[in-house]
Amino acid sequence: MTDNGHEEWMDLDQAFIQLRRRMDAEWTRMNAFGLNPMQARILVRLTEEGALKASVLAEKLFITPGAVTGIADKLIELGLLERERAQDDRRVVFLSVTEEGRSIVKTLKEKRMVITNKMFSGLSAVDIQELTRLLNRISQNIDEANAGRREEAE
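Residue 104 is where the sequence shown starts when you use our numbering, and the numbers rise one by one after that.
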């Protein structure tokens with residue numbers, strides 16, 4: 104690495120930016136439902152895990168509960184989500200996917216497979232395993248850095 108890796112880091116940063124832009128463009132091109140990626144992630148997560156409280160969903164998606172509430176409001180308006188009160192405590196509200204939402208998730212997953220196949224074409228299983236390992240390590244580094252900041256704040 105040169106200059107303490109500065110040039111390599113800049114190249115990597117640019118590669119991430121370009122990848123994100125291309126993924127977003129591909130998503131927009133293939134998304135016939137007009138959903139943004141976070142709306143789709145919420146629908147998919149709730150379909151896979153079942154009804155969740157907004158606070159739990161926010162934690163799983165690494166966003167704020169307020170962001171979940173705003174996105175959920177839009178998805179409820181579209182008829183894709185609904186709010187359900189807990190039977191044992193009416194103050195507790197769960198978000199769940201409607202039948203129409205489940206139908207859309209099925210289609211989204213099919214389209215996601217098309218995008219994924221495009222993204223990883225030409226990569227071997229070993230390449231994909233190594234990329235997965237590296238991305239998981241980067242995520243772990245971020246988690247460790249954030250944990251360190253939380254400990255310093257306490």
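For every residue, glycine included, the Cβ atom is placed at its ideal position computed from N, Cα and C.
Query raised in the report: Taking Cβ to Cβ, would you say I179 is nearer than 7 angstroms to M141?
Result: The answer is no: Cβ separation not under 7 angstroms.
Requested in this report: My understanding is that L184 touches L198, with C-beta atoms under 8 angstroms, so please give their C-beta distance in whole angstroms.
Outcome: Indeed, because the Cβ distance is near 6 angstroms, the residues count as touching under 8 angstroms.
Report task. Note down the Cα distance separating Q243 from A250, rounded to an integer number of angstroms. Result -> Linking Q243 to A250 through their CA atoms gives a straight-line distance of about 10 angstroms.
Query raised in the report: Taking the C-alpha atoms as reference points, what is the distance between T131 and E203?
Result: If I take the Cα positions, the gap works out to 20 angstroms.
Requested in this report: Can you grab the Cα-Cα spacing for the pair F223 / N134, in whole Å?
Outcome: If you take the alpha carbons of F223 and N134, they lie about 19 angstroms apart.
Report task. For W112, count neighbouring Cβ atoms within 10 angstroms of its own Cβ and tell me buried if that reaches 16, exposed if not. Result -> Answer is exposed; the Cβ neighbour count stays below 16.
**Report entry** the stretch 141-154 in contact with the stretch 209-220 per 3-pair CB rule at 8 angstroms
**Finding:** Yes, the stretch 141-154 is in contact with the stretch 209-220.
Report task. Quick one: measure Cβ to Cβ for K156 and V217, integer angstroms, because I've assumed they're closer than 8 angstroms. Result -> About 33 angstroms separates the beta carbons of K156 and V217, which is beyond the 8 angstroms limit, so they are not a contact pair.
Query - A189 versus R236: straight-line alpha-carbon distance, rounded - result: Near 40 angstroms, if we compare the C-alpha coordinates of R236 and A189.
Query raised in the report: Hey, how far is the Cα of K177 from the Cα of R205?
Result: When rounded, the distance between both Cα atoms is 16 angstroms.
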